[in-house]
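See below for the structure under consideration.
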Amino acid sequence: MIIDALQPTADDRFTFGLWTVGNPGSDPFGLAVRASMTPTHIVAKLAECGAWGVNLHDNDLVPFGASAAERDAIVSEFKAALKVHGMVVPMATTNLFSHPCFKDGAFTADDPRVRAFALRKAMDGIDLGAELGAATYVFWGGREGTEVDASRDPRTAIGRMRDAIDFLCDYVKDRGYAMRFALEAKPNEPRGDLYLATTGHMLHFISTLRNEAMVGVNPEVAHETMAGLSMTHAVGQAMEAGKLFHIDLNGQKAGRFDQDLRFGSEDLKQAFLLVRLLEGSAGGARYDGPRHFDAHAYRTEDEDGVWEFARGCMRTYKLLAARAAAFDADPEVQDLIAERTDPQLDPLLADYSPQKAAALRAVTLDPEAIGQRGLQRERLDQIMTEYLLGAR
Ligand code: GLT
Ligand code: MN
Ligand code: MN
0 MIIDALQPTA DDRFTFGLWT VGNPGSDPFG LAVRASMTPT HIVAKLAECG AWGVNLHDND
60 LVPFGASAAE RDAIVSEFKA ALKVHGMVVP MATTNLFSHP CFKDGAFTAD DPRVRAFALR
120 KAMDGIDLGA ELGAATYVFW GGREGTEVDA SRDPRTAIGR MRDAIDFLCD YVKDRGYAMR
180 FALEAKPNEP RGDLYLATTG HMLHFISTLR NEAMVGVNPE VAHETMAGLS MTHAVGQAME
240 AGKLFHIDLN GQKAGRFDQD LRFGSEDLKQ AFLLVRLLEG SAGGARYDGP RHFDAHAYRT
300 EDEDGVWEFA RGCMRTYKLL AARAAAFDAD PEVQDLIAER TDPQLDPLLA DYSPQKAAAL
360 RAVTLDPEAI GQRGLQRERL DQIMTEYLLG AR
């Protein structure tokens, strides 16, 4: 039997949201181009494509305003489908952006009734996530921003955000759920400016929480790229801090609206470097969480195109992982990126002491000679390009 090395397996931990493959293609200028699919149909088709799991917002599964009995019936039908198709729900989240009551924020809204409703909705969503076995709960504050900064002191907004996240952390602990939170940043859209605009903003915000240990980040390729930043650097900082709890993979051109395109469909080099980092092929620790594709098919597609899109995300990830492994196993690459060590200098460069400061001052250093040295980055980057193009 020939095993297709690109066929996804459960070990790949590939996931899609109900809202991603289920996206009917409507946009601010046009109507839906695809019929909506039931959650159970999506589960069956994702399983067929080789995905490991499916993620959801509360209202992707249970319509807003459903009665308790309706909710329970929907959830038990969904759980049955998960079981039949061997799928898991690793992540859940709350829709705190669609309903008109959230038009000026949810957790950061000025009206205490809105904040109360948002907390209640999030608690219900957490219960739903726990029931489905989700170990990660995402918070994307789509409406947590403003167009009219005169209306709210940003410090007030941040403080309210902190109160809400800490409140919900305590709720999770009180309920005894094995669940961690992952906060997702975005610079703008749908608001003019969102508070907590980048993964870097989020990492600092998390350090101010009472429940810091159970909160990490969910960086998204499109959102960091919209901010003109390097996703690879954002993810690297999160990993170094032990805070990469989840990740949203997709494709995005800089300087545009949130495109949420198929993973790897734009900026292949950035995608390669990101996968290389996540897979640890350059030597660092490997990310062991879900690889979630927060993306949707082009508006040109019918349902077949949607599954082509889903398979494409996973296939490209695996191709990039294989290309990164080959790149990092190449002796020429290893030679070019070999760490330079210096037994005399290295111990002096961390953990200050007056003796080390004095020793540093005594070392002979020749900045002119150092400045003349070529670093062969052209060679390294060209080799990477050739791996990406299949020439090596
Ligand atoms: C929405 C958003 C995504 C978030 C989802 C989680 S909702 O689709 O564009 O980036 O990850 O709330
Ligand atoms: Mn996202
Ligand atoms: Mn996005």
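Residue numbers (numbering that gives the first Met the number 0): 0 to 391. Glycine included, C-beta positions come from ideal geometry on N, C-alpha and C.
Buried or exposed: which applies to residue i, given that a residue is buried once 16 or more other Cβ atoms fall within 10 Å of its Cβ?
| i | result |
| --- | --- |
| PHE106 | buried |
| ASP169 | exposed |
| GLU338 | exposed |
| ALA4 | exposed |
| PRO89 | buried |
| GLU385 | exposed |
| LYS185 | buried |
| SER35 | exposed |
| SER280 | buried |
| PHE28 | exposed |
| ARG112 | exposed |
| THR155 | exposed |
| PRO38 | buried |
| ASP365 | exposed |
| ALA328 | exposed |
| GLU377 | exposed |
| PRO289 | buried |
| VAL83 | exposed |
| TYR286 | buried |
Alpha carbon to alpha carbon, how far is residue i from residue j?
| i | j | result |
| --- | --- | --- |
| GLU223 | ASP59 | 25 Å |
| GLN371 | LYS102 | 57 Å |
| ASP293 | THR19 | 6 Å |
| PRO62 | ASN94 | 11 Å |
| ALA240 | MET201 | 12 Å |
| MET0 | GLN6 | Since pLDDT at MET0 reaches only 47, below the 50 mark, its modelled position is unreliable, and the value read off the structure follows with that caveat. About 14 Å. |
| LEU193 | PRO153 | 10 Å |
| ALA50 | VAL147 | 42 Å |
| GLY128 | LYS172 | 14 Å |
| PRO189 | GLY104 | 11 Å |
| ALA325 | PHE180 | 34 Å |
| ILE164 | LEU195 | 13 Å |
| ALA226 | THR363 | 42 Å |
| ALA80 | MET122 | 24 Å |
| PRO23 | PRO330 | 47 Å |
| ALA91 | THR135 | 7 Å |
| VAL42 | GLY311 | 17 Å |
| ALA149 | LEU208 | 26 Å |
| GLY373 | THR315 | 34 Å |
| GLN236 | LEU348 | 21 Å |
Quick check on DSSP: helix, strand or coil for residue i?
| i | result |
| --- | --- |
| MET225 | helix |
| GLU307 | helix |
| LEU292 | The question names Leu, but residue 292 in the sequence shown is Phe. Strand. |
| ARG179 | strand |
| MET86 | coil |
| ASP380 | helix |
| THR231 | helix |
| PHE262 | coil |
| MET0 | Residue placement at MET0 is poorly supported in this model, since its pLDDT is 47, which falls under 50; the coordinates still yield a value, given next. Three-state result, MET0: coil. |
| PHE96 | coil |
| PHE101 | helix |
| MET106 | In the sequence as displayed, the identity of residue 106 is Phe instead of Met. In the structure shown, PHE106 sits in coil (DSSP, three-state: anything other than H, G, I, E or B). |
| THR340 | coil |
| VAL113 | helix |
| ASP162 | helix |
| ALA196 | coil |
| VAL137 | strand |
| ASP329 | coil |
| TYR145 | The question names Tyr, but residue 145 is Thr in the sequence shown. In the structure shown, THR145 sits in a strand (DSSP, three-state: E or B). |
| GLY282 | coil |
| ALA91 | strand |
| THR8 | coil |
| ARG322 | helix |
| GLN354 | helix |
| ALA34 | coil |
| PHE63 | coil |
| GLN371 | helix |
| PHE271 | helix |
| ALA68 | helix |
Shorter than 8 Å from the beta carbon of residue i to some beta carbon of chain D?
| i | result |
| --- | --- |
| LEU364 | Looking for chain D here will not work: only one protein chain is present. |
Who are residue i's beta bridge partners in DSSP?
| i | result |
| --- | --- |
| GLU219 | ASP247 |
| VAL214 | PHE180 |
| PHE13 | ARG290 |
| ASN54 | GLY16 |
| GLY29 | ASP26 |
Original post:
So, do the region 315 to 334 and the region 267 to 282 have three or more beta carbon pairs nearer to each other than 8 Å?
Top reply: Verdict: yes, contact present.
Original post:
Is the region 323 to 341 touching the region 295 to 305, taking contact as three or more C-beta pairs under 8 Å?
Top reply: Contact fails: fewer than three Cβ-Cβ distances are below 8 Å.
Original post:
Within the chosen definition, does the region 235 to 251 reach the region 260 to 268 through at least 3 CB pairs nearer than 8 Å?
Top reply: As far as the Cβ criterion goes, the region 235 to 251 touches the region 260 to 268, which means the pair count is three or higher.
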